[in-house]
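For the sequence shown, the residue numbers in mature numbering (1 follows the signal peptide of the UniProt record, and there is no 0) are -21 to -1, 1 to 578. Below: the structure, in structure tokens.
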Amino acid sequence: MERAIKVVILSVIFTVSQITCQEAILHISNGGTEREYCIVHNHSWTPLATSLDDAKQYPLVTMTSTVLCNASEITPDVVKGKALVVMRGDCDFSQKALNAQNLGATTLLIASNKSLITPSANDSEYSKVQIPLALMRYRDFLEAQQVFGKEMQVRLYAPPHSKIDPSIAVILLISIVTVVLGGYWSGACERDRLNSCAPGGGGGESKAESGELSLYSPLKVVIFVAFMCGMLVLMYFFYNVLVYVIIAIFCLASASALFSCFDAVMDKIGCGTLSFSVRNCNISVRSLILAAVCITIAVIWGVYRNEERWIWILQDLLGIAFCLNFMKTISLSNFKICVILLSLLLVYDVFFVFITPFFTKNGVSIMVQVALGPDASGEKTQSNMVEVPAEPQAPSEKLPVVMRVPRFSAWAQNLCGMQFSILGYGDIIVPGLLVAYCSRFDVWINSSKKIYFVSCCIAYLLGMILTFAVMLLSGMGQPALLYLVPFTLITSAVVAGCRGEIKQFWSGTTYRVLDSSREPLLPGVLPSKPDLSPLSLLPFYSVAYCSAFSSLTSFFLSLFFFDILTLDFHGQCDSNTILENLSLDRSVCGINWPLDVAS
């Protein structure tokens, strides 16, 4: 009984979620060959069948030499009981449809050299027309003539498009897997670092030496957020130039990130490294092969980035690697920094998505304009007129800062132009930084059940589910951070409060500043009387800054520009900045010595 009720409920939800779209499909065959083409219709006219099996088949009569504004131009016997194709122009759609109907045609196709728009007429005209009417590209008709010749059988149908598309589940899977893996990787690196610094552990490398950055200065986080706002405005006004800079940086950063991920997997599975020497320089064969593979993938994406049919797979692969490497490399030092960072990004997100449309000329938010490019427009709803280009358009460059998955159920829409569900990197990275902090905190307190990490991951999953639910119910794209930030922050704070560890969770890392008497979370790590004289600290300052400047220049530039992070399921995008603190820290065997001790 319960199973039957669940099936009924799911069936009702699926039925209610069906949308009647203006895009439809023209199926052409000649017995042995079949092709399908994009057409645009208006369901206010005679509706089309919803499936190919239900659609009636008619022979097609070619009359592209006429526009059918005068019925006397065509002999009725030629088109009676058949589908008719004529050219667009000179008179309105309703007049063409009535002339075709009076001649005895069963279907009217209008070939167009202009952009396909939803055919419309006065409300009184709709009831007069009893035959299907649709627009098709003239170039598609010429292609069909070359493939099929004059013997063409046509069927028109408009499969309903469901709001609940399988691509949503794929996006959800990508986001939660990336956040979990990134958090786990960050915690594992912290555990390895502490183990290597323990007595008999062999020393180990510091965070600065391993290329990791730690954010611990609230003031600089605030300054950097303001700086990123300025960068977003610059992108709005100089998009056509800066977009190519970002594409180039993304290729470099994502290839490097993909190499780090593959190399970590190889180490995990115990893959050996074969090396050889060239002029006293040891070169790893595994590293060479991985570098070649990663660079090749990034180059292929860069060359074919505007090929919509399949390139999204490579973009998602590179994006996942970028997010994982970001979460592993950038660490938040305490929960206070987490609260400041996520709260500022939430305000940033809401302002640039919901407030800026009141100030722009076209009513499109700055975030959407930058994320989708100069051709961005308002969100399309059921009642809006669609417009499909009649000729192939030069692809417009878009920022590579989103996960993209095609909408699998939107078959008719994909024929006219690929439709994607997209999730911005920021909706993964920003909450992921908090998840990574929780994972490292579990290491610091030696939590075997990883209570903070698991709780924050579950909160992220629930926040994403709520985001999708609100999006489906409202029919509008949602700023994911509006739901993810409260879910993850509140959950982490509640767990810490219930365990009586809120003070340690708020204070975070093991370093102590000069004017603080706070004890470290890991007793025995700090020396009892560390030498903090300027002379003794000079090597820490020099090595940290020089190492950071030399090894992280390209990575810093990528963070500098990657401030557009979007979520879009219905043409509406929201975005968030990726933040990086301008200062680095030097950690020595578990001691994070702050470079800017005055702060």
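By construction, the Cβ of each residue, glycine as well, lies at the ideal position given by its N, Cα and C atoms.
The three-state secondary structure of Met455, taken from DSSP, is coil. Taking C-beta atoms under 8 Å as the contact rule, Leu394 and Ile89 fail to qualify, at a distance of about 17 Å. For Arg118, the uninterrupted alpha helix (DSSP H) segment begins and ends at Tyr117 to Phe127. Check the Cα spacing between Gln36 and each of Ser91, His22, Val133 and Pro26: the tightest is with Val133. The residues Pro197 and Val200, in chain order, have a CB closer than 6 Å to that of Ile319 in the same chain once the five nearest residues on each side in sequence are set aside. Straight-line measurement puts the Cα of Cys273 at about 20 Å from the Cα of Gly249.
If you draw a straight line from the Cα of Glu480 to the Cα of Phe314, it comes to about 12 Å. Beta-bridge partners of Thr41 (DSSP): Val64. Counted as a single uninterrupted DSSP element, the alpha helix (DSSP H) harbouring Cys230 occupies residues Tyr218 to Lys247. Under DSSP, Pro111 shares a beta bridge with no residue. Minimum Cα-Cα distance from Met397 among the listed residues Ser8, Glu13 and Cys17 corresponds to Cys17. Val204 and Ala270 have their C-alpha atoms spaced approximately 33 Å apart. A distance below 6 Å between beta-carbons, with the five flanking residues on each side excluded, links Arg67 to the following residues of its chain, in chain order: Ile89 and Ser91. In the DSSP annotation of this structure, the continuous segment of the beta strand (DSSP E) that includes Leu402 starts and ends at Phe399 to Gly403. Put simply, the backbone Cα of Leu231 is about 11 Å away from that of Ile276. Contact annotation: Gly162 and Met306 have beta-carbon atoms nearer than 8 Å.
Taking the C-beta atoms as reference points, Tyr416 is found nearer than 8 Å to Cys317. Take Phe229, set aside five residues on each side of it, and the residues of its chain with a beta-carbon closer than 6 Å to its own are Pro379, in chain order.
When the five nearest sequence neighbours on each side are left out, the beta carbons in the same chain lying within less than 7 Å of the beta carbon of Leu237 are those of Cys273, Ile276, Leu297 and Ala300, in order along the chain. Taking a contact as a CB-CB distance under 8 Å, the pair Tyr431 and Ser312 does not count as one, their CB atoms being some 15 Å apart.
With a contact defined as Cβ atoms closer than 8 Å, His20 and Pro111 qualify at about 7 Å.
Residues Thr470 and Val474 of the same chain have their beta carbon placed closer than 6 Å to that of Ser434, with the five preceding and five following residues left out of the count. In this structure, the straight-line span from the alpha carbon of Gln80 to that of Gln74 is close to 10 Å. Taking a C-beta distance under 8 Å as the contact criterion, Asp33 and Tyr136 qualify as a contact pair. Exposed is the label assigned to Gln125, since fewer than 16 other Cβ atoms lie within 10 Å of its Cβ. In the three-state scheme derived from DSSP, where H, G and I count as helix and E and B as strand, Ser175 is classed as helix. Annotation: the continuous alpha helix (DSSP H) that includes Tyr462 extends over Leu460 to Cys477. Inter-residue distance for Val149 and Leu402 is about 11 Å (C-alpha atoms, whole angstroms).
Counted as a single uninterrupted DSSP element, the alpha helix (DSSP H) harbouring Arg265 occupies residues Val264 to Val282. Runs of the beta strand (DSSP E) lying entirely within the stretch 294 to 364, each at least 3 residues long, are 309 to 311 in chain order. Your pair Val159 and Leu321 does not check out as a contact, with CB atoms roughly 18 Å apart and the cut at 8 Å. Short of 8 Å from the beta carbon of Ser30, and not among the five residues preceding or following it, lie these beta carbons of its own chain, in chain order: Tyr136 and Pro138. Beta-carbon to beta-carbon, Gln392 and His140 are separated by about 6 Å, close enough to satisfy the 8 Å threshold. Look at Cys48 here: in three-state DSSP terms it is coil, with no helix or strand label. A Cβ-Cβ distance of about 12 Å is found for the pair Leu440 and Ile153, leaving them out of contact under the 8 Å criterion.
Counted as a single uninterrupted DSSP element, the alpha helix (DSSP H) harbouring Ile481 occupies residues Ile481 to Ser486.
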